[in-house]
Amino acid sequence: MKKRRKRLRVDRILYCLGILVVFVYLVILGISWIINHNIFKSVKEDNLLKTNKTNLKVWTKTINYINENVDEITIKHDGYYIKVNGNYIKNHINLDLNKYTTKINKGSFKNQKGLYIKKNEILDEALNIKLKLPYYLRKNNEVDVYGIKKGEYTLYKGRVKVKDKYISFDTSDDYDDYFITYIPLDSINTKTTLTCYVGDELDISFKFVPSNATNKSITYKASNDLLEIKGSKITAKKKGNTILTIKNIKNNISTDIKITIKGKKKVKEVKKEEEKKYEIVNKDGIYYIEDIMIVNKTYPLPSDYNPGGLSDDFMDAFYEMQAHAELDGIELWIQSGYRSYYTQDIIYNNYVSMDGQNEADTYSSRPGHSEHQSGLAADINNPDESFNGTAAAEWLKNNCYKYGFIVRFPEGKEDSTGYIYESWHLRYVGKEWAKKITESGKSLEEYFGITSRYE
Ligand SMILES: [Zn+2]
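Going by this note's numbering, 370 is the number at position 259 of the sequence shown; the sequence numbering is gapless.
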């Protein structure tokens, strides 16, 4: 009797356990079916793959659907949207975004707080990343996206606008990981006094400190009506003294310039600049005229010349120009800055294989002949013919010299520069030269009487 009852109890326990296992299995199966069903539905309806899991196995049915019908698919995960090549979605999605705050102590970063995005097989194929920022970043109007390659941090997209807690940026093959951060502005450095004459347009030059600060929006305000302020343009209207305040509202930083406006108009020296003969000299394999580095089809840079990026002068001038353009409602950014000899080699040969050498030579430089290698030139906004004639291109054409830049390959100067019109390619030569060259209406080659021709 006793024995039988015991066996019965064991049987019953095993029976119950079996049922439980089957039940749990069915529940798991049911949940995973529901999740996958919802994913399939959202893919079909909105081109969106919604998941709240970092590691996910997706139905083959969904993968097949994506491969057959969708070129690009967006993955939505926990405040992130990642647009990827549809055909890259394999049956397993690993979305470990490592979104947690990191502090970086490296290069110019001293305990710099930010969001680190680590690539994995999905993020590696991402075309665009849109993400919801944590509070300490989203409270800013703008953030910076740094690209990371082999432990090096490079400003990839500066001043990315925060829209409704989100930012969005296209990824680049040049970087492995990304670091999203915000660098506060400490001060704006400028001269404290300025003397000018009625009718003058004021040359307010300033420097942001630190130069890589994120929010660089400024406003101008004068203490009285002696100045006329129209966007970035400030004109002296009446005789007297005034104080001009440059203010950065976001960081509550301001700086004052005491301005004395004299009534007697400066007598413009009409002395015609005589045709000067400039001499080109070679120092350590680099060509110069006066203090200007010359890089064109005739004068190359040594293959090992590597300034490591855009020069500080270039960046300071660019940031000053960017803040002024913003006052006129124009957004400027650096699309392509420094390029090494070897990067140019790859780019140029790629164009040659596409269009042939003769055609490629009109718009791309042979390695060593690109100004991008000098660290003194960059492509602004959109290096494409469609940029010509846009408001930003026109603004650059009319104003960039004020900050020390020239449009290096002007319209109608193809014969002397050797390149088609590039409204986006700016070269830094310093304010004095930029003014002289721009006002002459000549290209750099015409101004200095040099050629730009491959031998
Ligand atoms: Zn360029």
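We put the beta carbon where it would ideally sit given N, CA and C, even for glycine.
- A contact between stretches requires three or more CB pairs, one per stretch, nearer than 8 Å, and the region 236-249 meets this requirement with the region 180-196.
- Comparing alpha-carbon positions, the option among Ile299, Ile400, Val138 lying closest to Glu431 turns out to be Ile299.
- The region 404-418 and the region 477-496 touch, with three or more beta-carbon pairs separated by less than 8 Å.
- Taking C-beta atoms under 8 Å as the contact rule, Val518 and Ser534 qualify, at a distance of about 6 Å.
- As a beta-bridge residue in DSSP terms, Gly258 pairs with Thr265, Tyr289.
- Take the alpha-carbon of Ile215 and the one of Pro245: they are about 17 Å apart.
- Here Ile145 is exposed. Its C-beta has fewer than 16 other C-beta atoms within 10 Å.
- In this structure, Ala471 has its beta carbon at no less than 7 Å from each heavy atom of ligand 1.
- Beta-bridge analysis with DSSP links Tyr398 to Asn393, Ile405.
- In this structure, DSSP gives Ile531 a state outside helix and strand, which the three-state scheme calls coil.
- Ranking Tyr532, Ile368, Pro521 by CA distance to the CA of Ser551 puts Pro521 first.
- For Arg519, there is no enclosing alpha helix (DSSP H); the enclosing beta strand (DSSP E) has its first and last residue at 516-520.
- Counting along the chain, Gln484 sits inside no beta strand (DSSP E), nor does DSSP assign it H or E at all.
- The residues Gln446, Ser447, Glu533, Trp535, His536, in chain order, have a CB closer than 8 Å to that of Pro494 in the same chain once the five nearest residues on each side in sequence are set aside.
- Membership of Ser551 in the alpha helix (DSSP H) is indicated by the continuous run 542-551.
- Those residues that bring their Cβ nearer than 5 Å to a heavy atom of ligand 1 are Asp490, His536.
- Nearest neighbour of Ser554 by Cα position, chosen from Lys508, Lys221, Asn335, Thr528, turns out to be Thr528.
- The three-state secondary structure of Ser322, taken from DSSP, is coil.
- At the C-beta level, Ala434 and Gly515 stay beyond 8 Å of one another.
- The alpha helix (DSSP H) runs lying completely inside the region 415-450 and spanning 4 residues or more are 423-438, given in chain order.
- For Tyr308 against Ala347, the beta-carbon gap comes to about 7 Å, under 8 Å, which counts as contact.
- In the DSSP assignment, Lys349 forms no beta bridge with any residue.
- For the pair of segments examined, the region 411-422 was found not to touch the region 319-331: the number of CB pairs separated by less than 8 Å stays below three.
- Apart from the 5 residues on each side of it in sequence, Ser343 sits with its Cβ closer than 6 Å to the Cβ of His435, Leu438, Asp439 in its chain, given in chain order.
- Between Leu167 and Asn205, the alpha-carbon positions lie close to 7 Å from each other.
- For Lys274, the number of other beta carbons within 10 angstroms of its own is below 16, and it is reported as exposed.
- Beta-bridge partners assigned by DSSP to Asn166: Asn205.
- Contact holds between the region 150-161 and the region 181-188, because three or more Cβ pairs, one in each stretch, are under 8 Å apart.
- Straight across, the Cα-Cα distance linking Lys268 with Lys375 is about 46 Å.
- Taking all protein chains in view, the Cβ of Thr282 is crowded by 16 or more other Cβ atoms within 10 Å, so the residue is classified as buried.
- Gly310 counts as exposed, since fewer than 16 other C-beta atoms from the protein chains shown sit within 10 angstroms of its C-beta.
- In the three-state reduction of the DSSP assignment, Thr173 falls in the helix class, which pools H, G and I.
- Contact check for Tyr558 against Ile548 passes: the beta carbons are separated by less than 8 Å.
- DSSP, read as helix, strand or coil, puts Lys513 in helix.
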